[in-house]
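Residue numbers (this note's numbering): 14 to 215. Step one of this worksheet: look at the structure below.
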Amino acid sequence: MAERKLDRLLGIRTVGLREWKNGEIHYNRYEATPYKALDIFSENYKFKKTDKVVDFGCGRGRVAFYLHNRFHIPVTGIEANDKTFEEALENKEKYMMRAKHINAPIKFKFGLAQHYKIDKTENCFYFFNPFSVHIFRKVVKNILHSVEKHRRTVDLILYYPIREYKDFLEADTPFSVIDKIRVPDASNKKEKFLIYRLKEES
């Protein structure tokens, strides 16, 4: 299986699903972004060395490890499931043995996404439908508050975007779509990335 083979190249284990116990209604199950989709995204979206990425609902860390390894940029993963978070830390320990040459930090933080304090230098935020639009609104508002205090251009990267996220961003925020990256030969037309940007006011 290609996914497992690519995991092995990074020294990590991210394949598989995990449902929340007790029917958690606001947080969605763990499912990693496919490597094929990440390859297409990375060929079309150009990171700068100064970019800092936050992956909300990072799961076992696939996106964080992939971007850190490919672009050598700082990445922080936020995860609220304690077991999945522990697996991300185990992956990091193995991954770092192969990534000693990369100076950029890679971090994982345990906690609810809406409680994460946005750093003034963080400017790229990744979402693969990790939680309900109720929580998504809170996270985006935290990002906007950070931008009000520390002006900068920020991007929201949405994979497999759901209607509720799009409706909220387009109706209730100053973000606008700057790019749409489709995954070729995908079985579902939702298999795409939408990039929303809020430009720094000049």
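C-beta atoms are modelled at their ideal positions from N, C-alpha and C, and glycine is treated no differently.
Residue 81 counts as buried, since at least 16 other C-beta atoms from the protein chains shown sit within 10 angstroms of its C-beta.
Between the C-alpha atoms of residue 167 and residue 210 there is a straight-line separation of about 6 Å. Secondary structure remark: continuous alpha helix (DSSP H) runs of at least 4 residues inside the region 56 to 119, in chain order: 75 to 84, 95 to 111.
Distance from the CA atom of residue 57 to the CA atom of residue 194, rounded to whole angstroms, is 7 Å.
With respect to residue 117, residue 88 sits close: the two C-beta atoms are nearer than 9 Å. With fewer than 16 other Cβ atoms inside 10 Å of its own Cβ, residue 17 counts as exposed. Contact between residue 138 and residue 156 holds: their C-beta atoms lie close to 6 Å from each other, under 8 Å.
By the beta-carbon neighbour count (other beta carbons within 10 angstroms, threshold 16), residue 92 is buried.
Using a Cβ distance threshold of 9 Å, residue 125 and residue 79 do not count as a contacting pair. The beta carbon of residue 181 sits closer than 8 Å to those of 146, 149, 150, 153, all from its chain and outside the five residues before and after it, given in chain order. Taking the CA atoms as reference points, residue 169 sits about 19 Å from residue 83.
When C-alpha distances from residue 23 are compared across 177, 121, 108, the shortest belongs to 108.
The Cβ-Cβ distance between residue 66 and residue 141 does not fall below 9 Å. Only exposed fits residue 201, as fewer than 16 other CB atoms lie within 10 angstroms of its CB.
For residue 130, the closest of 106, 162, 144, 104 by C-alpha to C-alpha distance is 162. For residue 85, same chain residues with a beta-carbon under 7 Å away, outside a window of 5 residues either side, are 115, 117 in chain order. In the DSSP annotation of this structure, the continuous segment of the beta strand (DSSP E) that includes residue 189 starts and ends at 189 to 195. The beta carbon of residue 165 sits closer than 6 Å to those of 136, 213, all from its chain and outside the five residues before and after it, given in chain order. Residue 143 counts as buried, since at least 16 other C-beta atoms from the protein chains shown sit within 10 angstroms of its C-beta.
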